[in-house]
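Quick note: the sequence shown, position 349, residue 349 per our numbering, numbers continuous.
Think of the CB as a built atom: it goes at the ideal place given N, C-alpha and C, for glycine as much as any other residue.
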Amino acid sequence: MTVWRYTAIDRSAPRSGVRNGEIAGDDAAQARAALRRVGLQVIDLREERRRPAPAADRNPSGSEAPEGPGAMFRSAYARWQRGRRRHERAEICDGLATLMGSGIPLLEAVDALAAGDRTLRSPQRRMLVELREQLRAGESIGQAVRAHPAWFDHAEMAMIEAGQHGGTLPQVLNDLAERHEHGVQLGQRLASALAYPMVVAMVGLGVVVFLSVKTLPDLTRILVDADLPVPRLTTAVMGVGRAMVRWWPALVVALVAAPAAAVLARWAIARFGWTTRTRWTRRLLPAVVRRLALASVCLRLSDLLRSGIPVVEGLRVVAPSVGGLAGGLRRMLVTAADRVEQGAELSAALDDPFWFDAEFQRLVEVGEAGGDLAPLLERIGHRYERQGRRLIDRLAALLEPAVILVLAVLVGVVVMSAILPLVKLQEII
Numbered sequence: 001m002t003v004w005r006y007t008a009i010d011r012s013a014p015r016s017g018v019r020n021g022e023i024a025g026d027d028a029a030q031a032r033a034a035l036r037r038v039g040l041q042v043i044d045l046r047e048e049r050r051r052p053a054p055a056a057d058r059n060p061s062g063s064e065a066p067e068g069p070g071a072m073f074r075s076a077y078a079r080w081q082r083g084r085r086r087h088e089r090a091e092i093c094d095g096l097a098t099l100m101g102s103g104i105p106l107l108e109a110v111d112a113l114a115a116g117d118r119t120l121r122s123p124q125r126r127m128l129v130e131l132r133e134q135l136r137a138g139e140s141i142g143q144a145v146r147a148h149p150a151w152f153d154h155a156e157m158a159m160i161e162a163g164q165h166g167g168t169l170p171q172v173l174n175d176l177a178e179r180h181e182h183g184v185q186l187g188q189r190l191a192s193a194l195a196y197p198m199v200v201a202m203v204g205l206g207v208v209v210f211l212s213v214k215t216l217p218d219l220t221r222i223l224v225d226a227d228l229p230v231p232r233l234t235t236a237v238m239g240v241g242r243a244m245v246r247w248w249p250a251l252v253v254a255l256v257a258a259p260a261a262a263v264l265a266r267w268a269i270a271r272f273g274w275t276t277r278t279r280w281t282r283r284l285l286p287a288v289v290r291r292l293a294l295a296s297v298c299l300r301l302s303d304l305l306r307s308g309i310p311v312v313e314g315l316r317v318v319a320p321s322v323g324g325l326a327g328g329l330r331r332m333l334v335t336a337a338d339r340v341e342q343g344a345e346l347s348a349a350l351d352d353p354f355w356f357d358a359e360f361q362r363l364v365e366v367g368e369a370g371g372d373l374a375p376l377l378e379r380i381g382h383r384y385e386r387q388g389r390r391l392i393d394r395l396a397a398l399l400e401p402a403v404i405l406v407l408a409v410l411v412g413v414v415v416m417s418a419i420l421p422l423v424k425l426q427e428i429i
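In structure tokens, the structure reads:
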């Protein structure tokens, strides 16, 4: 679908002046026809941007794992876009929830948000314009959001569709907005925990390279002129610095290729389950990854259950949103959905002690027996989020002194490599 920017005159009120706006359509003829239906005479119509066909997070066969690296790259790109736009997604959900909670119909609420964002070439505005045109064409909001996988994942699509059918769409959108805001805060906490050590490491590495390339060669030249042997440490440090300066294009290529390698590793992990198949590989998975992945699953499943979606379907909807290092959890959720569908209890189906400890299983069992599984999962999810935050804070507290210690060792080695030639020169004097 293409977004068209138009200039038109209202035929019912010619003196009202020229109107400018956007409209979505497959081609120019469809866009002109849509404008004529609302009483606008088109003066100028230009294509703004054609959105590529959406890439689904599932393969055509309906399984939860992508078929190959190509599908994995498309899925990873859509997931990356959703993560990058988490704040904008929260604003959209919060705005729609506020407008609809005030009694404004859905179509008018989407139109108001699209008209309120006047930033040119804004992806958020283009998405809202396309969503508005889909609603005008008679599609439901559940069908419309499925055409935008870069903005909504499968769990959110299912929640929105269930909320529309159950008459609780404003509450569902408000819950999604809160979830996105919590995700933004957690991401900022993790970024702040890693930013300072990374900056210190980069600055320190730059200083080490500068000293090994600019300062040490001058000292060694003096030793060579005096027919004195150059210390091995000084020679080694100079060799490392020269290698980094000489091969810096290869280092840049490696840094650029790192995301692609990460996507391939993610696909391999998701396909073969290397990190969770054996006991020794399971130990490589950090506890913070497990806690945060399980917290996300609990909160999403709680929202789906509140929206009226059955447990089996909720597990299958949540499973594709879990990937990467937590790929074993995704397969566990799919297996649990099959077992629950065959008559097993949810607490018995979630029996992998690596992901679900005895306390978790007992709480789920109590929630099932009392009929309040959704609020209990929400409490568990918030608890695991708090544990994840504490683990991140602990990681930050350990990383900062560790990076400073490593940097001090590097600087000490460079300084020692500079002192040794000076000691040699003092022997002459």
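- Ala144: member of the alpha helix (DSSP H) spanning 141-145, first to last residue.
- Restricting attention to Ala24, Glu47, Asp10, the CA atom closest to the CA of Gly39 is found in Asp10.
- Residue pairing from DSSP places Glu47 in a beta bridge opposite Trp4.
- Beta bridge pairing from DSSP links Asp357 with no other residue.
- Here the alpha carbon of Val366 sits roughly 15 Å from the alpha carbon of Asp357.
- Membership of Pro217 in the alpha helix (DSSP H) is indicated by the continuous run 216-225.
- When the five nearest sequence neighbours on each side are left out, the beta carbons in the same chain lying within less than 7 Å of the beta carbon of Gly183 are those of Arg86, in order along the chain.
- Within the model, the alpha-carbon separation for Arg330 versus Ala319 is close to 5 Å.
- Scanning its chain for C-beta atoms nearer than 7 Å, with the 5 sequence neighbours on each side dropped, one finds around Leu391 the residues Ala287, Val288, Arg291, in chain order.
- Cβ-Cβ separation between Ala177 and Asp94: approximately 4 Å, consistent with a contact (criterion under 8 Å).
- For the pair Val297 and Gly381, the Cα-to-Cα distance works out to about 8 Å.
- By the 16-neighbour rule on beta-carbons within 10 angstroms, Glu130 is buried.
- Asp218 and Ser321 have their C-alpha atoms some 57 Å from each other.
- Per DSSP, the unbroken alpha helix (DSSP H) holding Glu156 starts and ends at 154-166.
- Sixteen is the threshold: since fewer than 16 other Cβ atoms of the shown chains lie within 10 Å of the Cβ of Asp227, the residue is exposed.
- Counted as a single uninterrupted DSSP element, the stretch harbouring Ser102 is not any alpha helix (DSSP H), since DSSP gives it neither H nor E.
- Taking 8 Å as the cut-off, the beta carbon of Ile309 is found closer than this to the beta carbon of Ala162.
- Exposed is the label assigned to Trp248, since fewer than 16 other Cβ atoms lie within 10 Å of its Cβ.
- DSSP places Asp10 within a strand segment (E or B) once states are collapsed to three.
- With contacts defined as CB atoms closer than 8 Å, Val200 and Ile419 fail to qualify as a contacting pair.
- When the Cα atoms are used, Ala236 and Leu395 turn out to be separated by approximately 33 Å.
- Residue environment analysis places Leu398 among the exposed positions, since fewer than 16 neighbouring C-beta atoms fall within 10 angstroms of its C-beta.
- Here Leu40 is bridged, per DSSP, to Asp10.
- By the Cβ-count criterion, Leu205 is exposed, with fewer than 16 other Cβ atoms from all chains shown falling within 10 Å of its own Cβ.
- Considering only Leu45, Arg37, His180, Met198, the residue with the shortest C-alpha distance to Ala28 is Leu45.
- Beta-carbon to beta-carbon, Leu107 and Arg132 are separated by about 7 Å, close enough to satisfy the 8 Å threshold.
- By the criterion of a C-beta distance shorter than 8 Å, Ser140 is surrounded in its chain by Glu161, Gln164, once the five residues flanking it on both sides are discounted.
- For Ala155, same chain residues with a beta-carbon under 6 Å away, outside a window of 5 residues either side, are Arg300, Val317, Val318, Ser321 in chain order.
- In this structure, the straight-line span from the alpha carbon of Pro105 to that of Gly138 is close to 14 Å.
- Taking C-beta atoms as the reference points, Leu233 and Ser417 count as a pair closer than 8 Å.
- A check of alpha carbon separations from Phe354 across Ala114, Ser192, Met332 identifies Met332 as the nearest.
- If you check the CB distance, Ser122 and Val414 do not come in under 8 Å.
- About 25 Å separates the Cβ atoms of Arg89 and Trp4, ruling out a contact at the 8 Å cut-off.
- Taking the CA atoms as reference points, Leu377 sits about 26 Å from Ile92.
- Residue environment: Ser347 is assigned as buried (16 or more neighbouring CB atoms within 10 Å of its CB, all protein chains considered).
- Taking the Cα of Thr220 as reference, the smallest distance to any Cα among Tyr6, Thr7, Val423 is reached at Val423.
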